[in-house]
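*Asks:* The structure's right below; bear with me while I get my questions together.
In our numbering, the protein residues as written are 99 to 631.
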């Protein structure tokens, strides 16, 4: 996938993550405990039932992938390095990739990790009952053939540029542990008590909604990593309370610093801020099954009735910019010619009136056929920016006669309501992959993650066709047309893209972060002797 515009930014972000002020030039030490503060619990340790980027990031610490994505690009597409597979080669027909697995990888119960685990992980990723978040990337894999215990061949239905990326997406899970559990019970199963691991860490303890602890996996094939003995993820939903703990030295890493706290961290003298362009966009989702949001023109009016620039100025402190498309700006396929909706409340009122939403009874609120334009806007507990944005949106839409009732929901309930389509509207964000086919996941009419229940036959066709066009220039018009349709119909009101900003204690060494996520290189982190907790 061509991503040329983002490459200089990624190189810059890596240079910014080099040795910090006061960093030691000593050899990395082993041992010690690092504490990472997070605002929500992981929810599950089973990648295939996870619905958050955070749960996927934690799975990456516990389980190996066939190959691991690298931060650099190769021929404009993501590059990969060996992990469970030590090598691989593409077939001459362009329809297969054969992986050769390491022979020294075992699960933490001593059972070898084999090609049968790889095939099983592919099967569950495709299982509709499992409802894996990234299931769509597995649909072009026709079969995974076990040639022997350590050789596995992926066969594809067609030639396309992202075969390797799709094959290695997702971690390899232990067949002998998962298979005995009926898939219908997976989402109610406490996997923390069942799973075994082959990654650098294993789960030691999980206190729901309080903390979970990862420790060095003694059966991991590479004894040099991780360098830390233990990582404690401490759940502190209140960002201000978490920031206080971080600045007091009780927490070593605080991911996703609140924008208003950045300068306090920079001035502390004991911490640094790691920043890089994130693969993230914030949005408002309108449930088109509700009468207020069924018509695209009304959704456009809502976008015109919200002063997004005022929200960014008041709450983001220069860390974000307006989003133009759900295919975000780092992608070469991004259509930068699309203009964010301006704040035009009078135009919004005229559009709403044209669609029957008027103040028929003189009470200053819009209604149609006796139904008031009044809805709940949900967001998750513990995100002060979203909470404040919801209040600002409430006031802005009040000015055009729409009643908004902000509602805060605990994260696990919040996510379940999305899947069940049990909401009016909500505010959330996606952290997306490094290839643009996620538009199918978000907006195809058959996708379970099409939260707005949006449907457009032409868009369905485009998001399934574009990823398989091998020539970038030939695919570009398809991606642009898809973005134009979404801009026209506004199933989401796009809010902003942001710069990632994470806080790191100066006592913690070897820390680097980039667009692959804040925890992608945790196994390399270390603490100088004498600084252990």
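The beta-carbon is built from N, C-alpha and C at its ideal position, and this holds for glycine as well.
Predicted model only: the values in this text are computed from it and were never measured.
Checking the sheet assignment: what are the DSSP bridge partners for residue 178?
*Replies:* Bridge partners of residue 178: 167.
*Asks:* Can you name, in chain order, every residue of its own chain whose Cβ lies under 6 Å from the Cβ of residue 218, other than the five neighbours on each side?
*Replies:* Closer than 6 Å at Cβ, skipping near neighbours: 273.
*Asks:* Thinking residue 236 and residue 202 are a contact (beta carbons under 8 Å), I'd like their distance in whole angstroms, please.
*Replies:* Not really, about 27 Å apart at Cβ, beyond 8 Å.
*Asks:* Per DSSP, what kind of secondary structure is residue 323 in: helix, strand or coil?
*Replies:* Three-state DSSP puts residue 323 in coil, outside helix and strand.
*Asks:* Between residue 615 and the rest of its own chain, which residues show a CB-CB distance below 6 Å, the 5 nearest in sequence each way excluded?
*Replies:* Correct list, in chain order: 155.
*Asks:* For residue 248, tell me which candidate among 293, 222 and 198 has the shortest Cα-Cα distance.
*Replies:* Nearest C-alpha to residue 248: 198.
*Asks:* Within a Cβ cutoff of 7 Å, which residues of the same chain sit near residue 541, ignoring the five residues on either side of it in sequence?
*Replies:* 548, 552, 557, 561, 584 and 589.
*Asks:* Need the endpoints of the alpha helix (DSSP H) that residue 275 sits in, please.
*Replies:* Segment 273–276, the alpha helix (DSSP H) holding residue 275.
*Asks:* Can the beta-carbon of residue 371 be found closer than 7 Å to that of residue 364?
*Replies:* Taking 7 Å as the Cβ cut-off, residue 371 and residue 364 qualify as a contacting pair.
*Asks:* Given the structure, does residue 284 come close to the ligand NAP, in the sense that its CB is under 6 Å from one of the ligand's heavy atoms?
*Replies:* Ligands are entirely absent from the displayed structure, and the ligand NAP is therefore not among its contents.
*Asks:* Spatial neighbours of residue 362 within its chain, please: C-beta separation below 7 Å, excluding the five flanking residues on both sides.
*Replies:* Correct list, in chain order: 345.
*Asks:* Smallest Cα separation from residue 329: which of 592, 533, 580 and 136?
*Replies:* Minimum Cα distance to residue 329 is reached at 136.
*Asks:* Going by CA-CA distance only, name the one from 417, 418, 413 and 528 that's closest to residue 424.
*Replies:* It is 528 whose Cα lies nearest to the Cα of residue 424.
*Asks:* Run the CB neighbour count on residue 571, radius 10 Å, all protein chains shown included, and call it buried at 16 or more, exposed below.
*Replies:* With fewer than 16 Cβ atoms within 10 Å of its Cβ, residue 571 is classed as exposed.
*Asks:* Would DSSP call residue 198 helix, strand or coil?
*Replies:* If DSSP states are grouped into helix, strand and coil, residue 198 belongs with the strands.
*Asks:* Counting beta carbon pairs with one atom in the segment 129–147 and one in the segment 310–329, are three or more of them shorter than 8 Å?
*Replies:* Short answer: they touch.
*Asks:* Quick check on residue 623: does DSSP put it in helix, strand or coil?
*Replies:* Correct three-state label for residue 623: coil.
*Asks:* Report yes if the CB atom of residue 187 is closer than 7 Å to the CB atom of residue 200, and no otherwise.
*Replies:* Contact: no.
*Asks:* Kindly list the residues whose CB is nearer than 7 Å to the CB of residue 256, restricted to its own chain and excluding five residues on each side of it in sequence; keep chain order.
*Replies:* 238 and 566, listed in sequence order.
*Asks:* Tell me, please, whether the segment 391–410 touches the segment 449–459 by the rule of three or more beta-carbon pairs shorter than 8 Å.
*Replies:* Cβ pair count under 8 Å is three or more, so yes.
*Asks:* On a Cα-Cα basis, can you pick out the residue from 545, 618 and 605 that is closest to residue 350?
*Replies:* Ranking the options by Cα distance to residue 350, first place goes to 605.
*Asks:* Looking at the unbroken beta strand (DSSP E) that takes in residue 305, where does it start and where does it end?
*Replies:* Unbroken beta strand (DSSP E) run through residue 305: 299–305.
*Asks:* For residue 454, which residues of its own chain have a beta-carbon under 6 Å away from its beta-carbon, when the five flanking residues on both sides are left out?
*Replies:* Same-chain partners within the cutoff: 466.
*Asks:* Which one of 525, 579, 367 and 484 has the shortest CA to CA distance from residue 601?
*Replies:* Closest by alpha carbon: 367.
*Asks:* In chain order, which continuous runs of the alpha helix (DSSP H) of length 4 or greater are located wholly inside the segment 379–412?
*Replies:* Those alpha helix (DSSP H) runs which fall completely within the segment 379–412 and span 4+ residues are 394–402.
*Asks:* Quick check: what's the CA-CA separation for residue 261 versus residue 559?
*Replies:* Approximately 20 Å between the Cα atoms of the pair.
*Asks:* Report the residue ranges of all alpha helix (DSSP H) runs contained in full by the segment 560–612; include only those spanning at least 4 residues, in chain order.
*Replies:* The qualifying runs are 570–587.
*Asks:* Buried or exposed: which applies to residue 90, given that a residue is buried once 16 or more other Cβ atoms fall within 10 Å of its Cβ?
*Replies:* In the structure as shown, the chain starts at 99 and stops at 631, and residue 90 therefore has no counterpart that could be examined.
*Asks:* With distances taken between CB atoms, is the gap from residue 563 to residue 379 smaller than 7 Å?
*Replies:* Not a contact, by the Cβ cut-off of 7 Å.
*Asks:* With DSSP as the reference, please indicate the residues paired to residue 239 in a beta bridge.
*Replies:* 254, per the DSSP bridge assignment.
*Asks:* Assign residue 247 to one of three DSSP states: helix, strand, or coil.
*Replies:* Of the three classes helix, strand and coil, the one that applies to residue 247 here is coil, per DSSP.
*Asks:* For residue 496, tell me which candidate among 140, 603 and 463 has the shortest Cα-Cα distance.
*Replies:* Nearest C-alpha to residue 496: 463.
*Asks:* Under the three-state reduction of DSSP, which class applies to residue 330: helix, strand or coil?
*Replies:* Three-state result, residue 330: strand.
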